[in-house]
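Per full-length UniProt numbering, residue 1 is the first one in the sequence shown, and the count goes up by one each step.
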Amino acid sequence: MKHVIILSPAPIKGSGGLSRIFNYAQELVKAGYKCDVCVMGAISKTTADIKSFYDVDKVNVLSEINPNTEYDLAIATMWSTATQVRDMKAKAKGYLVQDFEACFNTLGDGYLMAEESYMYGLTPFVYGRWLSNKLAEEFGNEPYYADFGTDLNLFKQLKKNKQDSSKSVCFILQPEKPRRCHILGINALKIVKHFRPDILIKVVGSDSYKINDLDYDSLGILSSKELNEVYNDTTVGFCISSSNPSCNAFDMMAAGLPCVELYRENNLYDMPTEGVLLAHQSSLSMASAIIKIIDDEELRQKMSDFGINYMRQRDKDFEVGKFLEYVNDMTTGCHTGFSKHEKQYLNPPVIERSEVNGSVERMYASIWEKDSSRNIVNLIDSSHNKPSFIETKNSLIFRIKRKIRMLAVSYLS
1 MKHVIILSPA PIKGSGGLSR IFNYAQELVK AGYKCDVCVM GAISKTTADI
51 KSFYDVDKVN VLSEINPNTE YDLAIATMWS TATQVRDMKA KAKGYLVQDF
101 EACFNTLGDG YLMAEESYMY GLTPFVYGRW LSNKLAEEFG NEPYYADFGT
151 DLNLFKQLKK NKQDSSKSVC FILQPEKPRR CHILGINALK IVKHFRPDIL
201 IKVVGSDSYK INDLDYDSLG ILSSKELNEV YNDTTVGFCI SSSNPSCNAF
251 DMMAAGLPCV ELYRENNLYD MPTEGVLLAH QSSLSMASAI IKIIDDEELR
301 QKMSDFGINY MRQRDKDFEV GKFLEYVNDM TTGCHTGFSK HEKQYLNPPV
351 IERSEVNGSV ERMYASIWEK DSSRNIVNLI DSSHNKPSFI ETKNSLIFRI
401 KRKIRMLAVS YLS
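Written out as structure tokens, the structure is:
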């Protein structure tokens with residue numbers, strides 16, 4: 001029996017990436033492997049706690065690595081564990097890469113150390129095509145990859161013809177993850193509400209974060225079943241990722257929910273043209289894309305139907321199968337090599353007309369068609385009066401510092 005160890009970060013509530021790690025470990029056991037998961041930094045968590053947390057009853061959960069055990073395969077799961085895998089006694093060494101972790105840090109030590117982990121000679125298993133290309137082209141890796149999938153038993157359309165008595169947008173708020181651009185997203189929601197007070201705003205993903213000056217429903221951190229119910233009772237989904245694509249967009253498609261995301265290189269290789277609407281990277285243009293879908297019933301229906309059909313071929317079992325193929329190749333000394341991926345999203349970005357200028361036209365010159373009018377949305381009036389309430393990052397920092405000063409004064413007095 002082949003013996004595999006996975007080095008995992010400590011459990012975090014609501015983390016899809018960590019759930020995937022433990023799901024893969026459970027699937028390895030089902031496939032006949034002996035699998036250990038060493039949870040790094042989980043001093044306060046017992047083995048029973050972690051097994052219960054992730055429902056992995058047959059996986060051997062460790063709090064430290066036994067230096068006397070030689071594994072057939074050791075797999076890192078984040079850059080801080082890659083160093084340990086590099087130095088371990090193992091016949092083969094892999095790296096489960098779910099995002100480009102370097103960009104989680106400012107450009108400095110943390111960024112460069114995370115990048116260095118891709119140069120240790122570990123063979124990566126990568127989530128998505130964009131990230132697979134990036135590791136191959138910039139770091140000389142030959143990664144295996146899996147397309148983004150979802151659990152079709154959880155994320156699915158509940159009603160074929162739902163009645164849209166009220167228009168609504170559901171935003172995935174993750175303020176603890178800068179790459180999810182919560183400030184841009186909140187500003188977009190404020191613009192939507194400014195122009196269309198009738199649109200209901202739903203926010204999921206955070207139990208504690210409060211948004212000022214916005215009328216919205218905070219739904220907190222939900223189970224997958226609860227989240228699917230929200231998706232089925234919403235008109236448009238809205239999530240942002242400036243690194244590897246968000247799994248939320250694919251869950252939304254599976255539920256038949258049209259989705260707005262960010263138009264950047266990272267989303268062009270994994271997002272299908274007909275299933276999502278990618279917007280220029282401004283709050284105004286993202287708000288325009290949301291309203292465009294809400295006001296166009298035909299577009300909504302086309303996106304919903306396409307998303308459901310598209311995701312039918314991407315059940316989580318297919319993703320797990322790819323991971324098992326990777327582990328089999330790694331433990332038998334076989335490698336199939338790497339092939340470059342092409343872009344999947346071929347449409348120009350949605351952009352609000354007032355933001356079209358010479359720089360933008362040149363930036364999108366290679367993708368814009370001669371007639372790009374269908375991607376240009378008229379949201380604000382001819383005087384280009386944009387809402388004055390939009391919060392910048394500096395204004396947010398100022399408010400936080402001011403609140404800290406007020407608390408300090410209150411404490412000292």
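Yeah, the Cβ is synthetic: ideal placement off N, Cα and C, and Gly gets one too. If you're wondering where the values come from, they're calculated on a predicted model, not measured in any experiment.
Problem - Residue(s) in a DSSP beta bridge with Ser-80 - result: Start at 1 with the first residue of the sequence shown, and residue 80 comes out as number 80. Bridge partners of Ser-80: none, in fact.
Practice task
Using alpha carbons as the reference points, say which of Asp-251, Phe-100, Cys-38 lies closest to Ala-74.
Solution key: The count along the sequence shown starts at 1 and reaches residue 74 at position 74. The shortest C-alpha separation from Ala-74 is found at Cys-38.
Exercise for the section: Return the chain-ordered list of same chain residues with a C-beta closer than 8 angstroms to the C-beta of Leu-324, the five sequence neighbours on each side being excluded. Expected result: In the sequence shown, the residue the question calls residue 324 occupies position 324. Answer for Leu-324: Glu-27, Leu-28, Ala-31, listed in chain order.
Exercise for the section: Would you be able to state if there are at least three C-beta pairs under 8 angstroms between the region 172–192 and the region 277–293? Expected result: yes
Problem - Bridge partners - Cys-170, DSSP secondary structure assignment - result: As a working note, residue 170 is residue 170 in the sequence shown. Lys-202, Gly-237, per the DSSP bridge assignment.
Practice task
With Ile-308 as the anchor, note down where its alpha helix (DSSP H) starts and where it stops.
Solution key: If you number the sequence shown from 1, residue 308 lands on position 308. Here the alpha helix (DSSP H) through Ile-308 covers 297–311.
Exercise for the section: Determine which residues share a DSSP beta bridge with Asp-217 and list them. Expected result: Position 217 of the sequence shown, counted from the first residue, corresponds to residue 217. Note: Asp-217 sits in a beta bridge opposite Lys-202.
Handout entry: Buried versus exposed, by CB contacts within 10 Å (16 or more), Ala-10
Key = Mapped onto the sequence shown, residue 10 falls at position 10. Its Cβ having fewer than 16 others within 10 Å, Ala-10 is exposed.
Problem - Anticipated Cβ contact below 8 angstroms, Val-85 with Pro-124, distance rounded - result: As a position in the sequence shown, residue 85 is number 85, starting the count at 1. As a position in the sequence shown, residue 124 is number 124, starting the count at 1. That pair is no contact at about 11 angstroms.
Problem - Contact belief for Arg-300 with Pro-258 at Cβ below 8 angstroms, rounded distance in angstroms - result: Within the sequence shown, residue 300 is the residue found at index 300, counting from 1. Within the sequence shown, residue 258 is the residue found at index 258, counting from 1. Right, the Cβ-Cβ distance comes to about 5 angstroms (below 8 angstroms), so this counts as a contact.
Practice task
Select from Met-1, Ser-208, Tyr-127 the residue whose C-alpha is nearest the C-alpha of Gly-174.
Solution key: Mapped onto the sequence shown, residue 174 falls at position 174. For the record, residue 174 in the displayed sequence is Gln; it is not Gly. Nearest option by C-alpha distance: Ser-208.
Problem - Distance between beta carbons of Ile-294 and Ile-211, contact taken as under 8 angstroms - result: Along the sequence shown, read from residue 1 onward, the residue named residue 211 stands at position 211. Along the sequence shown, read from residue 1 onward, the residue named residue 294 stands at position 294. Wrong, their Cβ atoms sit about 20 angstroms apart, outside the cutoff.
Problem - Length of the line joining the Cα atoms of Leu-219 and Ala-289 - result: Taking the first residue of the sequence shown as 1, we reach residue 219 at position 219. Taking the first residue of the sequence shown as 1, we reach residue 289 at position 289. Spanning the two alpha carbons is a distance of roughly 23 angstroms.
Problem - Bridge-paired residues (DSSP) for Leu-7 - result: The sequence position of residue 7 within the sequence shown is 7, counting from 1. DSSP lists Cys-38 as partners of Leu-7.
Practice task
Give the DSSP bridge partners of Val-276, in chain order.
Solution key: As a position in the sequence shown, residue 276 is number 276, starting the count at 1. In DSSP, Val-276 forms a bridge with Cys-259.
Problem - Ala-74 - partner residues in DSSP beta bridges - result: Mapped onto the sequence shown, residue 74 falls at position 74. In the DSSP output, where bridge partners are listed per residue, Ala-74 has Ile-5, Lys-93.
Handout entry: Beta carbon of Tyr-310 nearer than 8 angstroms to that of Gly-275
Key = As a position in the sequence shown, residue 310 is number 310, starting the count at 1. As a position in the sequence shown, residue 275 is number 275, starting the count at 1. A contact, by the Cβ cut-off of 8 angstroms.
Exercise for the section: Pick helix, strand or coil for Leu-62, following the three-state DSSP scheme. Expected result: For the purposes of this step, residue 62 is taken as the residue at position 62 of the sequence shown. Strand.
Exercise for the section: Evaluate Lys-58 with the Cβ neighbour count: other Cβ atoms within 10 Å of its Cβ, from every protein chain shown; 16 or more gives buried, anything less gives exposed. Expected result: For the purposes of this step, residue 58 is identified with residue 58 of the sequence shown, where counting begins at 1. In this structure Lys-58 is exposed. Its beta-carbon is surrounded by fewer than 16 other beta-carbon atoms within 10 angstroms.
Handout entry: Distance, Ala-102 Cα to residue 422 Cα
Key = Since the displayed the chain opens at 1 and closes at 413, residue 422 lies outside it and no answer follows.
Exercise for the section: Please confirm whether Gln-80 and Arg-180 have their CB atoms less than 8 angstroms apart. Expected result: Reading the sequence shown from its first residue, position 80 is the one you call residue 80. Reading the sequence shown from its first residue, position 180 is the one you call residue 180. The sequence shown places Ser at residue 80, not Gln. No, the Cβ-Cβ distance between Ser-80 and Arg-180 is not below 8 angstroms.
Exercise for the section: Output the distance between the C-alpha atoms of Tyr-216 and Glu-64, rounded to the nearest integer angstrom. Expected result: Counted from its first residue, the sequence shown places residue 216 at position 216. Counted from its first residue, the sequence shown places residue 64 at position 64. Taking the straight line joining both Cα atoms gives about 45 angstroms.
Exercise for the section: Below 8 angstroms on the Cβ atoms is my guess for residue 426 versus Phe-171; work out the distance and round it to an integer in Å. Expected result: Lying outside 1 to 413, the shown extent of the chain, residue 426 is not represented and no answer is given.
Handout entry: Sequence-distant residues of its chain with Cβ nearer than 8 angstroms to Thr-234 (five each side left out)
Key = Here residue 234 refers to the residue found at position 234 of the sequence shown. Cβ neighbours of Thr-234 beyond the five flanking positions: Ser-168, Val-169, Cys-170, Lys-202, Leu-257.
Handout entry: Burial state of Arg-312, where buried means 16 or more other Cβ atoms lie within 10 Å
Key = By 1-based counting over the sequence shown, the position of residue 312 is 312. Flag for Arg-312 reads exposed.
Handout entry: Three-state secondary structure assigned by DSSP to Val-377
Key = Reading the sequence shown from its first residue, position 377 is the one you call residue 377. Strand at Val-377.
Exercise for the section: Tell me whether the beta-carbon of Asp-147 lies closer than 8 angstroms to the beta-carbon of Arg-314. Expected result: As a first step, residue 147 must be located in the sequence shown, where it is residue number 147. As a first step, residue 314 must be located in the sequence shown, where it is residue number 314. Judged by their CB atoms, Asp-147 and Arg-314 are nearer to each other than the 8 angstroms cut-off.
Handout entry: Rounded Cβ spacing between Leu-154 and Lys-91 (contact assumed at less than 8 angstroms)
Key = Along the sequence shown, one-based indexing puts residue 154 at 154. Along the sequence shown, one-based indexing puts residue 91 at 91. Contact doesn't hold; Cβ gap of about 36 angstroms is too wide.
Practice task
Please confirm whether Arg-362 and Asn-378 have their CB atoms less than 8 angstroms apart.
Solution key: One-based indexing of the sequence shown puts residue 362 at position 362. One-based indexing of the sequence shown puts residue 378 at position 378. Not in contact: Arg-362 and Asn-378 (Cβ atoms no closer than 8 angstroms).
Exercise for the section: Rounded to whole angstroms, what's the CA-CA distance from Lys-316 to Tyr-263? Just pull it up for me. Expected result: As a first step, residue 316 is located in the sequence shown; it is residue number 316 there, counting from the start. As a first step, residue 263 is located in the sequence shown; it is residue number 263 there, counting from the start. Cα to Cα, the separation comes out at about 26 angstroms.
Handout entry: C-beta contact flag for Pro-348 and Asn-328 at 8 angstroms
Key = For the purposes of this step, residue 348 is taken as residue 348 along the sequence shown, with counting starting at 1. For the purposes of this step, residue 328 is taken as residue 328 along the sequence shown, with counting starting at 1. Between Pro-348 and Asn-328, the gap from beta carbon to beta carbon reaches 8 angstroms or more.
Handout entry: Residue burial classification, Met-119 (beta-carbon count within 10 angstroms, cutoff 16)
Key = In the sequence shown, counting from the first residue as 1, residue 119 sits at position 119. Classification of Met-119: exposed, given that the 10 Å Cβ count is below 16.
Problem - Distance CB(Thr-69)-CB(Leu-7) smaller than 8 angstroms - result: One-based indexing of the sequence shown puts residue 69 at position 69. One-based indexing of the sequence shown puts residue 7 at position 7. No; because the gap between Cβ atoms is not below 8 angstroms, this pair is not in contact.
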